[in-house]
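The structure under discussion appears below in the form of structure tokens.
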Amino acid sequence: MPKAYRKEHGMIRYLALSIVTVLLASGSMIGQAQEKIVLTLSVPQWNQAAFNREYLQPFRDTHPNIDVVVVADVEGLVYPTSPAYGTLEEHLEAVQAYASTADVLQVSTWSLSQESTRARLWLDLNPLVTADPTLAEGNFYPAAWRAFRWDQGMWGMPVVIEPQILTYNPVAFDDAGLTYPTANWAIEQYIEAAITLTERNNSGDIIRPGCWCDITLLLYGLLGHGLVDASGAPQFDDPLLASILEAWAAAREDIYPQGGYSSEGVPIMMMQPWILQPSAPDAGTMVIGDMPGGVYGAQVTGFGISAGTRYPEEAFELAKFLTQSPGNASGSFGAFPALRQAEIVATGNFSIPPVNSLPQEQQDFLKMAVENAVAGYDLRYFDYINYAINQAISEDLDVETALQQAEEKALANLNEAASWTAAQPLVVATPVPTPSFDSGEIVLKFGMNGFNVPNQTDWVRLAREFAENDPEVGVIEMTSPDIGYEIWQEENECFYLGYDAVSPEAVPEYLSLDPLLDADPNFDPNDFVPGALEALQSGGQTYGYPFTVQVAAIRYLPEQFDDAGVPHPTMTWTISEFVDALHQLDQVEDADYQVPFIPRQPGHIDWLMLIAAFGGLPMDYRTEPPTINLTDPANVDAIRQALDLARSGLISYPEMGTFRFGGSFQMGALNTIDLGGYQFVDAQTPDYGYVNFPQGTAYKTMMLGNVGGGYISQDATHPDACYRWLRYIVAHPELLAYTMPASLSAINGPVTAATQGEAAVALYQNYVELASDPNTINFPAQFGSSYKMYFAQLFMARAFDDYVLEDADLEQVLADAQTKTEEFFVCFDAIPPTPPGATEAEYIAYSEAVENCLAVVDPEAAAERAEAMGGVQ
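Per our numbering, the sequence shown starts with residue 97, numbered consecutively.
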């Protein structure tokens, strides 16, 4: 059996941020009559940890007659398509669908539209605000107070406001011979700077834009005013507006790459101030500059009330609480409370550095920007200007005609919205009531630790079905660690953890499942991906029931290959076929992708897989610990062949040996993707194809990683009920979306094919075949909590960077990396390990000793790490 799974033992645990607390009632229960009012509160699923029980408890204390049920927006309903881009009917139907999910709902200045308020989908809060003496206009930042006010109404209570500022890289400007941006720049100067600073690859394709320019704020600043007339109607008939747009539309294709792109490394940025925080990818390289016309923008996030609520006054009390005790509803660094004197409440594991962590000069600047910002109300109809630009380019229209058509569309949408009638009346969905229990019925508390689950509604439905049919369980209460990890561990009887939780430190926390497995006539130890069951065992005992296995794959769109005339990759394609495909894909003109191949795997595992296909094993995972050999001639040659693909522009290559983490939003014809583990992504649709990495002649390779599974607490009072629920989950692989089931019967069953597609099933079957071969080399999904391997891959990655980005001598930089690795290992091995039950001080001392080893071996890397970490332990 190959070493298919790597136990991640150590001090670091991967904790997730999501899964709302959901109470699922058995249909057989008797709904107890309640005098309390139940209000529902909708927040985006990714942000629901900020609205946990701790945060809402003060409201419950002051409003004992009101229960609040948090409803996670799992479908992204809070972000409807603007009526400027789609049809009015589609927009209003989407808003109505959202407004029917809860009484109080999160809104923002870029999601709450004037069209939807005219269609009477939102409650006008102005009468309630006017009658409330605790809400005075002067206590709010002006842009926050104005954000949701139009048509003599107020349609949302502002909670947080984020300034939008300009930052730029002075070194990039100096190198290009450009003057720094000022408030008096004209459109021609922005265009000149953006084009000059735009980066291209050897083929002439744009790989990094010169400016992340917010066209709305650029236009407002250059115009000096908005786009409304005295009556509040849209007014686009402005010669200056037309001339600015004409210049911008002509230059846009020389500034931005086709498709998506990342903000990392862009030398001019107009956006929220997250770039200023110490952990930002470009922190330390960017300085604050003047916005166009000296006009600062702002994004305001708040809460509106559905027009379908049955409890408008009570809903307003909740919305007011959210304003007066603001959580970070935007989830962003640099957010200010809309109320000047309020303080943003930090909740549970949801923690974002406060603005006061910045230098005082930057704090003062951001406060000035917030005080003088434009937002929402001031920026009405600018989405129609974006529509006009797109129409002018795609339809080859002159700008004046495009602006006229956009103004006509805006006016028509406003008028039609006022008379719009929905197909169904707007009614807020009734929450599941708190059930009463017959004697003998139990509440089974189940903790889920994973990133945002994309199919939460399936979990809700199937948990209810289980409770309806189980002889003992009356309700399943599912919670996430947002209440604090230790409390979460204590309060739940059983768990789903998306990682290998079995380690000497963790074993005492969980119950051995072997007695339950032995008593289960349907349990088959051979019905698992090879190595999956073993990954959750220790000392001859089984502590977890395998649910999922993390795998890496290459994803592609067959249509793109057909258009390019390139054969589709196969599950057994060779490295030479892979390289041939890259060259052919690179020759396609006007492609829908920016580069043929984009590696995205954490820990640079995709690069190790390619190097192995070329015949090299610089990190050999057949040994424990892995053998590091960066200087063997075969390894050097294989590394060179792989990295030369990046040097020639066939593979995307951002800096890898860095401590600053930024994403890449480029699209490749081929993209690596991580299915399962810590990344729940919208990965599998029938349009995509999936294959394993290309194989060479010397080694057979795969990447099987973390095994997610079900666990039962050592202190569980209902272990049998927990086990039945875990087995129920296994019997429903649709719950484990977008990842490889650990069960062979689930992989080969019809449900996985129906929910994930035949291409995904073929990939999983290929991995089972590889895992069954003792000669297959497995590269772990991540370097995990092993300090040694983390820093070993860091030294290797920095050598790769020097060769690809700085044209350094490959043999020399690899030899230097090998020396640093060996010296670091010697220093690391001399550090006494932390004892069982170590204190926080002992853990900190251990970490400091490790960091000191880095400082001795590679002072430059240590200094970069210290700056990026910002002093965080």
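Glycine included, C-beta positions come from ideal geometry on N, C-alpha and C.
Review point. Are three or more beta carbon pairs between the stretch 328 to 342 and the stretch 227 to 234 nearer than 8 Å?
Key: no
Exercise for review: Mind listing, in chain order, the continuous alpha helix (DSSP H) runs of no fewer than 4 residues lying wholly within the stretch 851 to 899?
Suggested key: 854 to 867
Check your understanding: What separation, rounded to the nearest whole angstrom, lies between the Cα atoms of residue 225 and residue 416?
Key -> 9 Å
Exercise for review: Measure the alpha-carbon distance for residue 505 versus residue 182 and round it to whole angstroms.
Suggested key: 11 Å
Point to revise | Cβ neighbour criterion (16 or more within 10 Å) applied to residue 679 | key: exposed
**Study point:** Whole-angstrom distance between residue 830 and residue 554, CA atom to CA atom
**Key:** 8 Å
Review point. Could you give the C-beta distance for residue 559 and residue 574, rounded to a whole number, given that I count them as a contact under 8 Å?
Key: 7 Å
Review point. Cβ atoms of residue 291 and residue 350: under 9 Å apart, would you say?
Key: yes
Review point. Do you know offhand how far residue 481's Cα is from residue 897's?
Key: 42 Å
Review point. Run through DSSP, which three-state label would residue 724 get?
Key: strand
Point to revise | Close-in-space but distant-in-sequence residues of the same chain around residue 752 (CB under 7 Å, 5 per side omitted) | key: 700, 893, 896 and 897
Review point. Enumerated in chain order, which unbroken segments of the beta strand (DSSP E) with a length of 3 residues or greater are wholly contained in the stretch 545 to 632?
Key: 569 to 575 and 590 to 593
Exercise for review: With a threshold of 16 other CB atoms inside 10 Å of the CB of residue 805, please say whether the residue is buried or exposed.
Suggested key: buried
Practice item. Please work out which residues of its chain come closer than 6 Å, Cβ to Cβ, to residue 591, disregarding the five sequence neighbours upstream and downstream, and give them in chain order. Key: 543 and 807
Review point. Comparing alpha-carbon positions, which option in 719, 431, 473 and 485 lies nearest residue 459?
Key: 431
Exercise for review: Would you tell me roughly how many angstroms separate the C-alpha atoms of residue 759 and residue 133, rounded to the nearest one?
Suggested key: The predicted model places residue 759 with a pLDDT of 48, which falls under 50 and marks its position as unreliable; any figure quoted below should be read in that light. Using only the alpha carbons, I get a separation of about 44 Å.
Exercise for review: Can you give me the start and stop residues for the beta strand (DSSP E) that residue 243 sits inside?
Suggested key: Run containing residue 243: none; DSSP gives neither H nor E here.
Point to revise | Residues bridged to residue 767 (per DSSP) | key: 651 and 694
Point to revise | Inter-residue spacing [alpha-carbon to alpha-carbon] between residue 144 and residue 496 | key: 44 Å
Practice item. Tell me where the alpha helix (DSSP H) around residue 517 begins and ends. Key: Run containing residue 517: none; DSSP gives neither H nor E here.
Practice item. Note down, in chain order, each residue of its chain lying with its Cβ closer than 6 Å to the Cβ of residue 105, except the 5 sequence neighbours on either side. Key: Reliability fails at residue 105, whose pLDDT of 32 lies under 50, so the model's placement of it is uncertain and no value is given.
Exercise for review: Mark residue 515 as exposed unless 16 or more other C-beta atoms lie within 10 angstroms of its C-beta, in which case mark it buried.
Suggested key: exposed
**Study point:** Close beta carbons around residue 306, own chain, < 8 Å, minus the five adjacent residues each side
**Key:** 289, 290, 291, 292, 293, 294, 295, 351, 362, 363 and 364
Exercise for review: Please go through the same chain and pick out, in chain order, the residues whose beta-carbon is closer than 7 Å to the beta-carbon of residue 838, but skip the five residues on each side of it.
Suggested key: 624, 625, 628, 642, 643, 644, 645 and 803
**Study point:** Beta bridge counterpart(s) of residue 729 as assigned by DSSP
**Key:** Answer by DSSP bridge pairing: none, since residue 729 is not bridged.
Exercise for review: Have a look at the DSSP bridge pairing and note the partners of residue 435.
Suggested key: 236
**Study point:** CB-CB length for residue 997 against residue 470, believed under 8 Å
**Key:** Since the first residue of the chain shown is 97 and the last is 969, residue 997 is not available in this structure.
Check your understanding: Near residue 284, which residues of its chain fall below 8 Å by C-beta distance, leaving aside the five closest residues on each side in sequence?
Key -> 343
Exercise for review: Can you say whether residue 664 is buried or exposed, counting buried as having 16 or more other CB atoms within 10 angstroms of its CB?
Suggested key: exposed
Practice item. Determine, using beta carbons only, whether residue 367 and residue 310 come nearer to each other than 9 Å. Key: yes
Check your understanding: On the three-state DSSP scale, how would you describe residue 957?
Key -> helix
Exercise for review: Kindly confirm or deny that the stretch 858 to 871 and the stretch 843 to 850 touch, where touching means at least three C-beta pairs closer than 8 Å.
Suggested key: yes
Practice item. With DSSP collapsed to three states, give me the class of residue 218. Key: strand
Practice item. Output the distance between the C-alpha atoms of residue 282 and residue 687, rounded to the nearest integer angstrom. Key: 33 Å
Check your understanding: Nearest to residue 353 by alpha carbon, out of 464, 691 and 661?
Key -> 691
Check your understanding: In angstroms, rounded to a whole number, what distance separates the CA positions of residue 279 and residue 308?
Key -> 17 Å
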